[in-house]
Amino acid sequence: MSALNTFIEYNTDSPEISLPKYYYILVTLIWIGIIFSPFDRYATGGDIDFIQSFFDRRLFKFDYFQVIALVFLFLSVTFIKKTRKDKFLITFTVLNCIVLAISLFNPNNNLTPGQYLYIPDLLNFYYLCLFSYIILNINNEQYITIFNKIIMIGAYVLLTKCIVSLLLYFTGRGSFFADMPSTIPQMDILIYISAFQIIIFGKYLNTKKRVNLVYIFVFYLTLFFSYRRSALGLSIVADLLLFIYYIVVTPQKIKAIKTFLSFIGIILLLVITLQFIIPDKIEKMFNRFTGAFSYFNKNAQVDEEFSDSGHMEQSIETTKVFFDKVNTVFWGSGFGNRAYFIEGQAGDDDETLGGIHNSFVYSWAAWGMHVTMYLVVLCLIFFRIIIKLIKMRLENFVIAGVIIYLLYFLLLGWTNGILFLSHLQYIIVFVLLFSVIKFIPQYGNLVEEEEEEEEAYDE
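The end of the sequence shown is residue 460 by the working numbering, with every number in the run present.
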């Protein structure tokens, strides 16, 4: 277990803080609920159905997960200590509250007074505000322990899921996606895999411990044979950007470039090896991923199975509708209503936006312009932080990797529709990842250093 024990290093004069055992149990339940009871319903066939139904129907129905998440929220309050608050963290909390407040006053909301307290969409907004406030206000030295333990437990639960899925896949007893065998067809779990692999990749760059490469290999193998594209593309691009960041900030640039070339060589060797072992699978996977760009080549003869599936076309068309109506439509359809119809982009006999692969447009159509602008502001925040990290030449690559991942995750929503505001599970993971800013010297740590300097001055 020690291999994944520490993602953020402790200060030499600040020993690891012990946490109560009930907190470990609660965190484990949270991760089991997130990873073994997905909200994306694409699993069909195979032994995975039994495993899925066991967690869904007997342990982690969504209502049960909500209860566990609320207990997790309120127990986390006990870790808050009175400290001087950083302006950036306060601003982020206020920003969340403003978005919630504006959403509550949406004139298109169709809710009874009582429904404002419990409907899932609003619960997500409430949870975002409360959870981000609690996490961002926990004492940094204590939160290092909490963050490391939460991520460690999540990594091992996710590794277990990946190993089981790979075993079922290679023994012909797994799930299917688009009539193709799939390790894990649910997009939400794949997104968590992509997030954890870049965290562990950052840990590898920090420590150079090769055991981390084994975990990354398991994660990538699961993503590759999932037969789904977005999470794998997210991982590849985010890892590439992190490697570029690594080369830029490290003083050992020649060694960094050699490491990068070694990784490329290993990946090519693995692909060539798999091509000889399972040529049919590799060919279909290659066609599936290259088909994502079929929109840009109208003359290409691509089977529907391997095509873009309308993602790029929908994104471009809905973006045009957005700019055509932006001057006349501010409010979305509101809570309690289905999202606004986007002209020409609904499915058969379906006048809703539900299937549109564009999170920015969906946010506008469902809740209003203020939520779309909120996503844009988040993108600008993450971009600004990355620039600061480069200027600081921060060599903690877990922190850099998470910020890079979150930025690209948000940007990817333009063609995929992945929106963290739409699910409680996504919000929990998003806030936990966002909380790494507490460990950047110009944010959380700087506040405590200033406080110590002021106390020393007073004495």
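For glycine and all other residues, C-beta sits at the position ideal for the given N, C-alpha and C. Computed from a prediction, not measured in an experiment: that's the story for all the values here.
- In the structure shown, what three-state DSSP assignment does residue 442 receive? As a first step, residue 442 must be located in the sequence shown, where it is residue number 441. DSSP places residue 442 in helix when its eight states are reduced to three.
- Message: Here's the rule I'm using: 16 or more other beta-carbon atoms within 10 Å means buried, otherwise exposed. How should residue 286 be labelled?
- Response: Here residue 286 corresponds to residue number 285 of the sequence shown, with the count starting at 1. Under this definition residue 286 is a buried residue.
- Message: For a test of the three-state rule: what should DSSP assign to residue 73, helix, strand or coil?
- Response: Sequence index remark: in the sequence shown, residue 73 carries index 72 (1-based). It is helical.
- Query: Around the Cβ of residue 362, are there at least 16 other Cβ atoms within 10 angstroms (buried) or fewer (exposed)?
  - Reply: In the sequence shown, the residue the question calls residue 362 occupies position 361. Looking at its Cβ environment, which holds 16 or more other Cβ atoms inside 10 Å, residue 362 is buried.
- Hey, would you say residue 420 sits closer than 8 angstroms to residue 360, going by beta carbons? Your numbering for residue 420 matches position 419 in the sequence shown. Your numbering for residue 360 matches position 359 in the sequence shown. Their beta carbons are under 8 angstroms apart, which means residue 420 touches residue 360 by this criterion.
- Message: When you compare the CB positions of residue 250 and residue 396, do they come within less than 8 angstroms of one another, or not?
- Response: Taking the first residue of the sequence shown as 1, we reach residue 250 at position 249. Taking the first residue of the sequence shown as 1, we reach residue 396 at position 395. Yes; because the gap between Cβ atoms is below 8 angstroms, this pair is in contact.
- Other residues of its chain near residue 247: CB distance less than 7 angstroms, five sequence neighbours each side excluded: As a working note, residue 247 is residue 246 in the sequence shown. Excluding sequence neighbours, residue 247 sits near 206, 257, 398.
- Item | Proximity of residue 426 and residue 35 at Cβ, strictly below 8 angstroms | In the sequence shown, residue 426 corresponds to position 425, counting from 1. In the sequence shown, residue 35 corresponds to position 34, counting from 1. In contact: residue 426 and residue 35 (Cβ atoms closer than 8 angstroms).
- Start and end of the beta strand (DSSP E) containing residue 182? Reading the sequence shown from its first residue, position 181 is the one you call residue 182. Residue 182 -> beta strand (DSSP E) spans 181-183.
- Item | 8 angstroms Cβ cutoff met for residue 371 and residue 125 | By one-based count along the sequence shown, residue 371 stands at place 370. By one-based count along the sequence shown, residue 125 stands at place 124. The answer is no: Cβ separation not under 8 angstroms.
- Message: Need the endpoints of the alpha helix (DSSP H) that residue 218 sits in, please.
- Response: Position 217 of the sequence shown, counting from 1, holds the residue named residue 218. Residue 218 -> alpha helix (DSSP H) spans 212-225.
- Local conformation of residue 261 per DSSP, three classes: The sequence position of residue 261 within the sequence shown is 260, counting from 1. Helix at residue 261.
- Task: Would you kindly work out how many angstroms separate the C-alpha atoms of residue 430 and residue 150, rounded to a whole number?
- Result: Mapped onto the sequence shown, residue 430 falls at position 429. Mapped onto the sequence shown, residue 150 falls at position 149. For residue 430 and residue 150, the distance between alpha carbons rounds to 14 angstroms.
- Item | Bounding residues of the beta strand (DSSP E) (the contiguous stretch that carries residue 177) | Indexing the sequence shown from 1 puts residue 177 at position 176. Segment 176-178, the beta strand (DSSP E) holding residue 177.
- Given residue 46, which residues of its chain have a CB within under 6 angstroms of its CB, disregarding the five upstream and five downstream residues? In the sequence shown, the residue the question calls residue 46 occupies position 45. Its pLDDT being 49, under 50, residue 46 is placed unreliably by the model, and nothing is read from it.
- Task: Could you check how far apart the C-beta atoms of residue 383 and residue 400 are, in whole angstroms? I think they sit under 8 angstroms.
- Result: In the sequence shown, counting from the first residue as 1, residue 383 sits at position 382. In the sequence shown, counting from the first residue as 1, residue 400 sits at position 399. No, residue 383 and residue 400 are not in contact; Cβ-Cβ is about 12 angstroms, not under 8 angstroms.
- Query: Considering residue 144, what are the terminal residues of the alpha helix (DSSP H) in which it resides?
  - Reply: As a first step, residue 144 is located in the sequence shown; it is residue number 143 there, counting from the start. Where residue 144 is concerned, the enclosing alpha helix (DSSP H) stretches over 141-171.
- Query: Span of the alpha helix (DSSP H) holding residue 237?
  - Reply: If you number the sequence shown from 1, residue 237 lands on position 236. Residue 237 -> alpha helix (DSSP H) spans 231-250.
- Task: Locate the alpha helix (DSSP H) running through residue 315, then write down its first and last residues.
- Result: Working through the sequence shown from its first residue, we reach residue 315 at position 314. From DSSP, the alpha helix (DSSP H) with residue 315 extends over 312-326.
- Query: Cβ atoms of residue 9 and residue 145: under 8 angstroms apart, would you say?
  - Reply: Position 144 of the sequence shown, counted from the first residue, corresponds to residue 145. Position 8 of the sequence shown, counted from the first residue, corresponds to residue 9. Contact: yes.
- Query: For residue 197, which residues of its own chain have a beta-carbon under 6 angstroms away from its beta-carbon, when the five flanking residues on both sides are left out?
  - Reply: The residue given as residue 197 occupies position 196 in the sequence shown. For residue 197, where only same-chain residues beyond five positions count, the Cβ hits under 6 angstroms are 156, 159.
- Query: What did DSSP end up calling residue 332 once you bin it into helix, strand or coil?
  - Reply: Mapped onto the sequence shown, residue 332 falls at position 331. Looking at residue 332 - three-state DSSP - the assignment turns out to be strand.
- Message: Can you give me the C-alpha to C-alpha distance between residue 379 and residue 408, rounded to a whole angstrom?
- Response: Your numbering for residue 379 matches position 378 in the sequence shown. Your numbering for residue 408 matches position 407 in the sequence shown. Each residue's alpha carbon lies about 8 angstroms from the other.
- Going by the CB atoms, is the gap between residue 226 and residue 194 shorter than 8 angstroms? Stepping through the sequence shown from its first residue, residue 194 is reached at position 193. Stepping through the sequence shown from its first residue, residue 226 is reached at position 225. Not closer than 8 angstroms, so no.
- Task: Note down, in chain order, each residue of its chain lying with its Cβ closer than 8 angstroms to the Cβ of residue 65, except the 5 sequence neighbours on either side.
- Result: Translated into the one-based positions of the sequence shown, residue 65 becomes position 64. The residues are 34.
- Message: In this structure, how does DSSP classify residue 103 when only helix, strand and coil are distinguished?
- Response: In the sequence shown, residue 103 corresponds to position 102, counting from 1. Helix at residue 103.
- Would you decide whether residue 406 is buried or exposed? Buried here means 16 or more other CB atoms lie within 10 Å of its CB. Reading the sequence shown from its first residue, position 405 is the one you call residue 406. It is buried - the Cβ of residue 406 has at least 16 other Cβ atoms within 10 Å.
- Is the segment 119-135 close to the segment 69-89, with three or more CB pairs under 8 angstroms? yes
- Message: Whole angstroms are fine: how far does the CA of residue 235 sit from the CA of residue 417?
- Response: For this step, residue 417 is matched to residue 416 along the sequence shown. For this step, residue 235 is matched to residue 234 along the sequence shown. About 11 angstroms.
- Using 10 angstroms around the beta-carbon of residue 270, count the other beta-carbons present and answer buried if the total reaches 16, otherwise exposed. Taking the sequence shown and counting its residues from 1, one reaches residue 270 at position 269. Answer is exposed; the Cβ neighbour count stays below 16.
- Message: I'd like to check one pair, residue 69 with residue 112: are the Cβ atoms closer than 8 angstroms?
- Response: As a first step, residue 112 is located in the sequence shown; it is residue number 111 there, counting from the start. As a first step, residue 69 is located in the sequence shown; it is residue number 68 there, counting from the start. It is not a contact, given that the beta carbons lie outside the stated cut-off.
- residue 166 and residue 173: beta carbons closer than 8 angstroms? Against the sequence shown, residue 166 aligns to sequence position 165. Against the sequence shown, residue 173 aligns to sequence position 172. No, these two residues do not count as a Cβ contact at 8 angstroms.
- For residue 115, does the three-state DSSP call read helix, strand or coil? Start at 1 with the first residue of the sequence shown, and residue 115 comes out as number 114. Residue 115: helix per DSSP, three-state reduction.
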